[in-house]
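Number of protein chains: 2
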Amino acid sequence: MTLIDELIALLGPERVRHHPLDLLVFSKDAGVTTGDVVAAVLPETAQEVAAVVRIARRYETPIVPRGAGTGLAGGAVPVSPGLLVVLTRLNEIHDVDEVGLTAWVGPGLINLDLSERLEPLGLHFAPDPSSQQACTIGGNVGTNAGGPHCLADGTTVAHIYAAEMVTATGEMVTVGSEAPDQPGLDLRAVVVGSEGTLGIVTRVLVRLTQNAPDVATLLIGFPTIEAAAAAVSGVIASGLIPAALEIMDQPMVKAVENFVHAGYPTAAGAVLLAEVTGTADTVASGVDVIRSVSETNDAIEIRVATDADERALLWKGRKGAFGAVAQAAPDYYLHDTVVPRTALVEVMTKIYEIGDRYELQMLNVFHAGDGNLHPLVAFDAKEPGMLDRVQEAATEMVRVSIDAGGSLSGEHGIGLEKRGLMNLVFSDIDLDAQARVREAFDDAGMMNPHKVLPEGSRCFDAKGVRL
Amino acid sequence: MTLIDELIALLGPERVRHHPLDLLVFSKDAGVTTGDVVAAVLPETAQEVAAVVRIARRYETPIVPRGAGTGLAGGAVPVSPGLLVVLTRLNEIHDVDEVGLTAWVGPGLINLDLSERLEPLGLHFAPDPSSQQACTIGGNVGTNAGGPHCLADGTTVAHIYAAEMVTATGEMVTVGSEAPDQPGLDLRAVVVGSEGTLGIVTRVLVRLTQNAPDVATLLIGFPTIEAAAAAVSGVIASGLIPAALEIMDQPMVKAVENFVHAGYPTAAGAVLLAEVTGTADTVASGVDVIRSVSETNDAIEIRVATDADERALLWKGRKGAFGAVAQAAPDYYLHDTVVPRTALVEVMTKIYEIGDRYELQMLNVFHAGDGNLHPLVAFDAKEPGMLDRVQEAATEMVRVSIDAGGSLSGEHGIGLEKRGLMNLVFSDIDLDAQARVREAFDDAGMMNPHKVLPEGSRCFDAKGVRL
């Protein structure tokens, strides 16, 4: 028996993909790196996932969990030859508790499908990554995904109460609990955002959020990025926390408008998309605050969406931003850094300067409210030397963000892409502490190895100087 | 040289307490258990803490960190003879970032002192345990403390961005980061609430919250606990999340009123203390919602505090509840369980029934908005058999909470008191996962051993059946 034989005996041939074309399809996520896939399996139950893990372990084949493959940082791309465990078939909504506002769901459930199926109950799942039409809840858990509405609602970790997980030894563990305020160590919080390095999540207890009784969406054109950023700071300083505060620069506005025809003001230097939710009174007073702060900051156009259709149209522009870019160039590279809100203008200026210096076509859209930047470089990978230029510029952009007191990643994760940069924000001892916790879950290095933490994070062991 | 000699050489005799009277003082927290203290040391810097840990490690003496000793679950009480590291002298506010809304503070800083010193800046630290006049930020971190205002603001973990920590080997580690959206494993979240079992926190980066521009406090009398609980459910169902929703039953209202003379309606079966914060508009509409829901639920008196003095007086009753009880009986035992909000009435009924059956004098005050119950038993420990009755009743109360889908502890922690009950909410495998993470920080079992996790949590090792 080989690994493949055993997997086929367990799952049948249809659910064990190992033909060259399959391996090619599964060797990439939505980012730029190609991995080395031994086979991709499609389990349908947690028990099957556990059985797959036990088989792979016997063959000492590393395991990489994967959802919809929309990740941009290479988290679901095996580095050394690995077995992909594709979780898209664990996509059921098991139990919806309308009173306690929770649901147990499969990790393969598509983010937007959950909210659409909850719509008749007046509920939704708050994290709303731009990829929400395709990305899965399990992927959201793996990267602690954000989205425009996470400014007020918090990222995925604030919306996960518990997770059932298959460990590297094939055991089933529950982290967090159905009961509120779990006692003991909060392993739930360390599993969320761990990018598949601690185990494979097979069921998730999500928090459901009531739809707000009222909502207003504003689209505001400013002469410059600086003016838009100043308006964002002004709104936050007023004490209002809007549901969303998104900025697009002029190149992005033009690309989007060309694609979705949402009536975005292409003459503006930057566009701010703001949303306030709550009761009718709260929303009205929030709109007043945003309007007044925007006027103080030289807004050239203020549009308030008056009905659901217009709101949807305004959001369609923002959510379709990355699709729009696909029209502009064959390839794109989407950055993900975070800076203190007060450093937005300073860092954006440096990022434009880096883009100019490397002669790159750059478009910007970002979660301005929480300082999460997403510079996007549109390019043609076939142009000689282009990929190197893009990647060198990327590293410079991360560095200027960190120099301004920012961080490596807001929501896309570290994956392969940024693990070499982890030492910019953590000391050797800090990384060692993370590596030890990882070993506590997976001492054999089975689960998504070579991801997130740089090689040699267990520095003390490697150097033989354990105290 | 002995352990004591080395500690005195490091810290001087004044900061190494080991005379019998000192040991008696430090052998208890605010709960009922007495521990076994070898010495209590009072370091003044993180470097001294690290040096103390390295010395204790050489003598194989377990270490127990302690703040103000206001804990109720025995978390700061050494079980086997241990060295207490008392952190009250690490109480500085190091850096306040008024723009980024953060501050680095010492773990020994008293919770209320931080908010009072931030008052001129219009800022405060949101977690507000009832003990906030005495308890320390470090203790808040250790227990992931809550408080009345955590309904809207979240518990301590939502207000800690990073912590500097001395590990069991005497190294300095930083968990979390100054930058927003820390990448990698979120060790910050697992350290918060770990009750000193992972290391000794020596500096904390706290999140500061802007004082709301407007606030209103309502005191509402209801004929019964059921009516008050129904009003709480009604308010939450309306979509409003007030800053606080606190219920007191009639015995507690009478004790409080007798103590603070705040004008609480002693004829009411239960009193709801509600607070809404925000802009003037938001507050006015919130008051309307609470008033209308309360009227629907047979409120017999609704009082809205019209100025800061009256608000302070209404809160003084709630915050002084436990002081008030000290007048009623020489000893008290304060429970801490959590139930789904929808099970409040059902569980309260059972808790009253348990109190009656054990013939205990019970008073109730609880964070109704998040289902965190605090039945309080007032008693005289000198009465023969009383302590046993109190503890048997306590276990029954925890069990009825868990049976209703609730949890062991909302905010006081597990400590010694409840570790024997952890298996009511976690399987052996779940506890093993927690124990492994603990070992990743402290493989020698130096840091606050015999706390939180029951003995034998590393079940697979103990039974010799590691897979």
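Protein chains in written order, with numbering that gives the first Met the number 0: chain D, 0 to 466; chain R, 0 to 466.
Positions of the beta carbon are idealized from the N, C-alpha and C atoms, including for glycine.
I need the straight-line Cα distance from Ser193 (chain R) to Val174 (chain D), nearest angstrom please. Each residue's alpha carbon lies about 15 Å from the other.
Beta-carbon proximity check, Asp28 (chain R) vs Gly81 (chain R), cutoff 7 Å: The beta carbons of Asp28 (chain R) and Gly81 (chain R) sit no closer together than 7 Å.
Going along the chain, which unbroken runs of the beta strand (DSSP E) with 3 or more residues stay wholly within the region 232–300 of chain D? DSSP runs (the beta strand (DSSP E)) wholly in the region 232–300 of chain D: 243–248, 269–277.
Taking DSSP's pairing of strands, which residues face Asn363 (chain R) in a bridge? Paired residues: R:Pro374.
Members of the region 175–193 of chain R that neighbour chain D once the beta carbon cut-off is set at 7 Å: Against chain D - using a Cβ distance shorter than 7 Å - the residues of the region 175–193 of chain R are Ser176, Glu177, Ala178, Pro179, Asp180, Gln181, Pro182, Gly183, Leu184, Asp185, Leu186, Ala188, Val189, Gly192, Ser193.
Enumerated in chain order, which unbroken segments of the alpha helix (DSSP H) with a length of 4 residues or greater are wholly contained in the region 21–78 of chain D? Whole alpha helix (DSSP H) segments, 4+ residues: 45–57.
Check whether the region 196–207 of chain D and the region 415–425 of chain R are in contact - that is, three or more C-beta pairs closer than 8 Å. The region 196–207 of chain D vs the region 415–425 of chain R: no contact.
Residue range of the beta strand (DSSP E) that includes Leu113 (chain D): No beta strand (DSSP E) holds Leu113 (chain D); the alpha helix (DSSP H) holding it covers 110–117.
Chain R within 7 Å of Leu407 (chain D), Cβ atoms only: Output row for Leu407 (chain D): interface = yes.
I'd like to know whether the C-beta of Arg206 (chain R) is nearer than 7 Å to at least one C-beta of chain D. Closer than 7 Å: no.
Let me know the secondary structure DSSP gives Phe321 (chain R) once reduced to three states. Phe321 (chain R): helix per DSSP, three-state reduction.
Asp460 (chain R) in three-state terms, based on DSSP: In this prediction, Asp460 (chain R) scores a pLDDT of 40, lower than 50, which makes its location untrustworthy; the coordinate-derived value is nonetheless stated afterwards. Residue state, collapsed to three classes: helix.
Identify every residue that forms a DSSP beta bridge with Asp330 (chain R). R:Phe378, per the DSSP bridge assignment.
Tell me whether the region 232–245 of chain D and the region 180–194 of chain D touch, counting them as touching only if at least three CB pairs, one residue from each stretch, are closer than 8 Å. Contact between the region 232–245 of chain D and the region 180–194 of chain D is absent, with fewer than three C-beta pairs closer than 8 Å.
Are the Cβ atoms of Arg290 (chain R) and Ile301 (chain R) separated by less than 7 Å? Between Arg290 (chain R) and Ile301 (chain R), the C-beta spacing is below 7 Å.
Quick check: the Cα distance between Leu113 (chain D) and Leu362 (chain D), rounded to an integer number of angstroms? Across the structure, Leu113 (chain D) and Leu362 (chain D) are spaced so that their CA atoms are roughly 31 Å apart.
Quick check: the Cα distance between Asp330 (chain D) and Thr32 (chain D), rounded to an integer number of angstroms? Going by the C-alpha atoms only, they are around 13 Å apart.
For chain R, find out if any of its Cβ atoms is closer than 7 Å to the Cβ of Gln46 (chain D); answer yes or no. Any Cβ of chain R closer than 7 Å to the Cβ of Gln46 (chain D) would place that residue at the interface, and such an atom is absent.
Pull out every residue of the region 21–34 of chain R whose Cβ sits closer than 7 Å to any Cβ of chain D, in chain order. Taking 7 Å as the Cβ-Cβ cut-off against chain D, none of the residues of the region 21–34 of chain R qualify.
Going along the chain, which residues of the region 279–292 of chain R sit with their C-beta nearer than 7 Å to a C-beta in chain D? Those would be Asp280, Thr281, Ser284, in chain order.
Just curious, the beta strand (DSSP E) that Gly81 (chain R) is in, first and last residue? Its beta strand (DSSP E) spans residues 81–85.
Collapsed DSSP secondary structure at Leu204 (chain R) in the structure displayed: If DSSP states are grouped into helix, strand and coil, Leu204 (chain R) belongs with the strands.
How big is the Cα-Cα spacing for Leu89 (chain R) and Val104 (chain R)? If you take the alpha carbons of Leu89 (chain R) and Val104 (chain R), they lie about 8 Å apart.
Touching or not, the region 224–233 of chain D and the region 255–274 of chain D, by the rule of three or more beta carbon pairs under 8 Å? The region 224–233 of chain D vs the region 255–274 of chain D: in contact.
Euclidean distance between Cα positions of Leu100 (chain D) and Leu20 (chain R): One alpha carbon belongs to Leu100 (chain D), the other to Leu20 (chain R), and they sit about 52 Å apart.
Between the region 397–407 of chain D and the region 144–156 of chain R, are three or more C-beta pairs nearer than 8 Å? With the cut-off at 8 Å, the region 397–407 of chain D and the region 144–156 of chain R do not touch.
Pair within 7 Å by beta-carbon distance, Val165 (chain D) and Ala188 (chain D): Pairing Val165 (chain D) with Ala188 (chain D) gives a Cβ-Cβ distance that is not under 7 Å.
Using a Cβ-Cβ cut-off of less than 7 Å, list which residues of the region 90–101 of chain R approach chain D; keep chain order. Residues of the region 90–101 of chain R with a C-beta less than 7 Å from any C-beta of chain D: Val98, Gly99, listed in chain order.
If you reduce the DSSP assignment to three classes, tell me which class Thr196 (chain D) lands in. Looking at Thr196 (chain D) - three-state DSSP - the assignment turns out to be coil, as it is neither helix nor strand.
Unbroken alpha helix (DSSP H) runs of length 4 or more, entirely within the region 146–195 of chain R: which are they? Fully enclosed alpha helix (DSSP H) runs of 4 or longer: 149–152, 186–190.
Taking 7 Å as the CB-CB limit, is Val252 (chain R) close to chain D? No - not a single Cβ of chain D is within 7 Å of the one on Val252 (chain R).
Neighbourhood of Ala377 (chain R) by C-beta, 7 Å cutoff - its chain only, sequence neighbours within 5 removed: Cβ neighbours of Ala377 (chain R) beyond the five flanking positions: Val324, Ala327, Ala328, Tyr331, Gln360, Leu362.
Once DSSP output is grouped into helix, strand and coil, what is the label at Arg465 (chain D)? With a pLDDT of 29 at Arg465 (chain D), under the threshold of 50, the modelled position of that residue is not reliable, and no figure is offered here.
is_contact[Gly238 (chain D), chain R] using C-beta, thresh 7 Å: True, the Cβ-Cβ gap to chain R drops below 7 Å.
If you follow the alpha helix (DSSP H) that Val397 (chain R) is part of, which residue opens it and which one closes it? Counted as a single uninterrupted DSSP element, the alpha helix (DSSP H) harbouring Val397 (chain R) occupies residues 385–402.
Sequence-distant residues of its chain with Cβ nearer than 8 Å to Ile159 (chain R) (five each side left out): Excluding sequence positions up to five before and after Ile159 (chain R), its CB lies within less than 8 Å of the CB of Val140, Gly175, Arg187, Val191, Val203, Leu204, Val205, Arg206, all in the same chain and listed in chain order.
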